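A.B. asks: Chains as they are written, first to last, in our numbering: chain A, 2 to 442; chain B, 623 to 803.
All C-beta atoms in this analysis are idealised placements derived from N, C-alpha and C, irrespective of residue type, glycine included.
Computed from a predicted model, the values in this text were never measured in an experiment.
The structure's right below; bear with me while I get my questions together.
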């Protein structure tokens with residue numbers, strides 16, 4: 002009896018410790034390194050000057066200008082001037098000599114200042130200039146705690162990106178992914194969440210059993226996923242700031258493919274409790290299930306349209322896996338893909354006008370985009386075992402899982418196929434990327 | 623049983639023959655070895671049973687542990703994106719179904735798996751369909767529903783590493799795992 006109590010106490014202590022670990026900030030450490038492998042010809046030249054620091058003060062823990070330069074480089078759409086090639090390093094508007102930057106062919110210039118405040122926080126000021134007009138385009142001032150500086154840097158990148166491309170930036174976002182470390186003792190699986198540049202990785206679930214299908218809640222506060230703990234698949238929803246989780250589905254058979262509705266009130270999922278895999282929508286508050294599909298075939302991998310009015314899913318009711326669309330209220334499913342013998346795991350682009358999916362053709366599995374207006378299918382990747390495409394919330398890039406010589410790896414490709422990125426994990430297989438929604442500032 | 627008896631008789635005859643031969647050398651020491659021979663004949667009657675088992679029909683251990691039985695084979699394989707049970711694997715499933723119908727206390731988990739190609743959730747569904755196909759086949763042959771549990775790991779737990787057809791063929795499978803014998 003005493004043993005039991007002690008064991009329960011030990012479990013509680015473990016839970017607290019792991020929650021504590023998850024909430025500790027680990028600044029500056031990247032497990033994923035992201036490298037651009039193909040950029041756009043004629044990427045926009047931009048000069049980013051290292052931010053000015055006040056003399057004699059403790060320098061901030063991160064190099065803000067470097068983070069902004071890395072973000073813009075990674076997008077493939079900007080070509081920042083190396084710091085060593087800068088003609089001057091102004092940190093005040095009055096000190097800028099535009100002619101110097103014009104001579105180097107720079108379209109734009111970013112300068113800034115970091116100042117330590119008496120309360121331990123930092124004040125951050127930055128300006129974006131149009132070099133040819135010699136005029137300021139944007140100017141902002143932030144205040145941040147030391148461990149918030151990386152995030153502020155990403156927000157500066159978002160402001161610069163939007164001002165110069167007209168498209169909202171997605172640097173201040175996060176990515177979730179699953180890692181597997183193999184050893185003689187068996188595999189160890191982890192669900193991780195990192196910043197969009199691979200920094201600040203945090204393990205949110207560590208398990209001896211496989212973890213699949215992470216899915217972000219629309220407000221970015223929770224992750225749903227499938228875990229095989231106890232040798233059965235169950236869907237969980239985990240609060241990322243607190244670390245607590247709840248079981249969403251634990252029916253007999255499959256419990257898989259969770260997908261939060263855009264309003265966050267429902268979750269689509271695959272259950273086989275009624276005999277074979279079917280798509281259901283659960284009202285999260287009441288746990289009431291509505292069955293959407295009726296077929297003797299496999300129906301799975303539901304994804305919501307951005308307006309929440311319809312879903313796409315994978316079904317092999319026609320003999321091979323293909324993508325179908327069905328109203329969220331139920332009814333007739335319409336087939337969307339006709340090219341190739343294998344099309345699966347579709348997700349909507351944020352504008353709802355296209356789908357990303359896995360396209361199997363002649364033994365290769367690649368990421369493709371299907372234009373819903375003209376039904377054109379465009380294959381974006383060149384490798385052969387690609388899966389799990391996930392759109393950036395601004396629709397500019399797709400993250401996906403691929404297999405290279407080292408095992409499972411992540412890669413990124415712009416939706417026009419012009420920019421390519423490689424995300425290398427320091428150890429183990431990495432897979433199942435899921436890009437977060439935009440974060441609330 | 624009859625075969626066992628024959629072997630036993632054959633063995634006793636051989637020992638008697640051996641003793642007779644040795645007897646021709648004619649030493650008292652060999653006389654004592656006759657006693658020894660007769661006692662070795664007794665122990666040989668025990669080993670005679672073993673000889674019969676070696677011939678394939680008299681396993682005395684648990685039937686599930688007999689390495690020469692179809693029951694020792696616990697994995698059946700599938701073609702890509704298919705859940706049709708292959709002719710080559712039917713005898714294996716028949717043997718397990720028969721065992722389960724004769725042993726109502728026994729129970730298995732039918733674990734469905736796929737190769738790595740295609741998407742993970744589709745593969746979880748495909749692995750389940752394979753496990754369900756095996757369950758239906760075994761239940762038609764007399765195994766009871768409560769003896770047959772299905773579980774799919776999709777592509778999450780490959781049996782063979784490697785990204786080629788050889789590995790993929792080994793990974794498209796259903797494993798029969800005995801939860802109780």
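1) Ordered along the chain, which non-local residues of its own chain (more than five positions away) have a Cβ less than 7 Å from that of residue 653 of chain B?
2) Of the residues A:210, A:429, A:441, which one's Cα is nearest the Cα of residue 233 of chain A?
3) If you reduce the DSSP assignment to three classes, tell me which class residue 750 of chain B lands in.
4) Of all the beta strand (DSSP E) runs that stay within the bounds of the stretch 181-237 of chain A, which reach a length of 3 or more residues?
5) For residue 676 of chain B and residue 279 of chain A, what's the separation of their Cα atoms in angstroms?
6) Just to confirm, are residue 240 of chain A and residue 223 of chain A a CB contact at a threshold of 8 Å?
7) Using a Cβ-Cβ cutoff of 7 Å, what residues of the stretch 735-762 of chain B are near chain A? List them in chain order.
8) Can you find the residues in the same chain that come closer than 8 Å, C-beta to C-beta, to residue 1 of chain A, ignoring five residues on each side of it along the sequence?
9) Check the Cβ of residue 434 of chain A against every Cβ in chain B and list those closer than 7 Å, keeping chain order.
10) List in chain order: all unbroken beta strand (DSSP E) runs of 3+ residues lying wholly within the stretch 58-95 of chain A.
11) Is residue 336 of chain A buried or exposed, if buried means 16 or more other CB atoms sit within 10 Å of its CB?
12) So who's on the other strand from residue 312 of chain A, going by DSSP bridges?
13) If you pair each beta-carbon of the stretch 43-55 of chain A with each one of the stretch 73-86 of chain A, do three or more pairs fall below 8 Å?
14) So, is residue 407 of chain A buried or exposed, given that buried needs 16 or more other C-beta atoms within 10 angstroms?
15) Please report the straight-line C-alpha distance between residue 238 of chain A and residue 339 of chain A, rounded to a whole angstrom.
16) Alpha carbons only, please: which of B:785, B:771, B:796, B:792 is nearest the one belonging to residue 729 of chain B?
17) Taking beta-carbon pairs under 7 Å, can you tell me which members of the stretch 298-310 of chain A lie near chain B?
18) Residue 718 of chain B: beta carbon under 7 Å from a heavy atom of the ligand ZN?
19) Going by CA-CA distance only, name the one from A:353, A:373, A:378, A:382 that's closest to residue 366 of chain A.
20) For the candidate residues A:196, A:180, A:195, whose alpha-carbon lies nearest to that of residue 189 of chain A?
21) On the DSSP letters alone, give me the boundaries of the alpha helix (DSSP H) that residue 714 of chain B sits inside.
22) With a cut-off of 8 Å on the beta carbons, I'd call residue 714 of chain B and residue 746 of chain B a contact; round off their distance for me.
23) As a quick exercise: from A:52, A:95, A:274, pick the residue whose alpha carbon is nearest that of residue 142 of chain A.
24) When you compare the CB positions of residue 312 of chain A and residue 324 of chain A, do they come within less than 8 Å of one another, or not?
25) Less than 8 Å between the beta carbons of residue 115 of chain A and residue 69 of chain A, yes or no?
26) Where residue 195 of chain A and residue 717 of chain B are concerned, what is the direct C-alpha to C-alpha distance, given to the nearest angstrom?
27) Would you call the stretch 388-405 of chain A and the stretch 433-441 of chain A in contact, with 3 or more CB pairs under 8 Å?
28) So residue 388 of chain A contacts chain B; which residues on that side make the cut at Cβ distance below 8 Å?
29) Where do the N-terminal and C-terminal ends of the alpha helix (DSSP H) with residue 788 of chain B fall, by residue?
30) Would you grab the beta carbon distance between residue 138 of chain A and residue 130 of chain A for me? Rounded to a whole angstrom, and I think it's under 8 Å.
31) What in chain B is Cβ-close to residue 404 of chain A, meaning under 8 Å?
32) Does the Cβ of residue 56 of chain A have 16 or more other Cβ atoms within 10 Å, making it buried, or fewer, making it exposed?
33) Spatial neighbours of residue 106 of chain A within its chain, please: CB distance less than 8 Å, with the 5 preceding and 5 following residues excluded, ordered by chain position.
34) Where do the N-terminal and C-terminal ends of the beta strand (DSSP E) with residue 735 of chain B fall, by residue?
35) Is there a C-beta anywhere in chain A that falls below 8 Å from the one on residue 795 of chain B?
36) For residue 779 of chain B, decide whether its Cβ has a neighbour in chain A, counting only Cβ atoms nearer than 8 Å.
C.D. replies: The short version:
1) Its pLDDT being 33, under 50, residue 653 of chain B is placed unreliably in this model, and the value from its coordinates should be taken loosely. Around residue 653 of chain B: no qualifying Cβ.
2) A:210
3) helix
4) 189-196, 203-208, 212-217, 223-228
5) Bear in mind that a pLDDT of 35 at residue 676 of chain B, under 50, signals an unreliable position, so the number given afterwards is only what the model happens to contain. If you take the alpha carbons of residue 676 of chain B and residue 279 of chain A, they lie about 51 Å apart.
6) yes
7) 738, 739, 740, 741, 742, 743, 744, 746, 747, 748, 750, 751
8) This structure gives no information on residue 1 of chain A, because the portion of chain A shown stretches from 2 to 442.
9) What residue 434 of chain A touches in chain B: nothing, since even the nearest Cβ is about 12 Å away.
10) 79-81
11) exposed
12) A:305, A:327
13) yes
14) exposed
15) 35 Å
16) B:771
17) 299, 301, 302
18) Absence of the ligand ZN from the depicted structure is noted, as is the absence of any ligand whatsoever, leaving it without description.
19) A:382
20) A:180
21) 712-724
22) At roughly 24 Å, the Cβ-Cβ gap does not stay under 8 Å, so residue 714 of chain B and residue 746 of chain B are not in contact.
23) A:52
24) no
25) no
26) 51 Å
27) yes
28) 740, 741, 742
29) 787-793
30) 6 Å
31) 738, 785
32) exposed
33) 46
34) 729-735
35) no
36) yes
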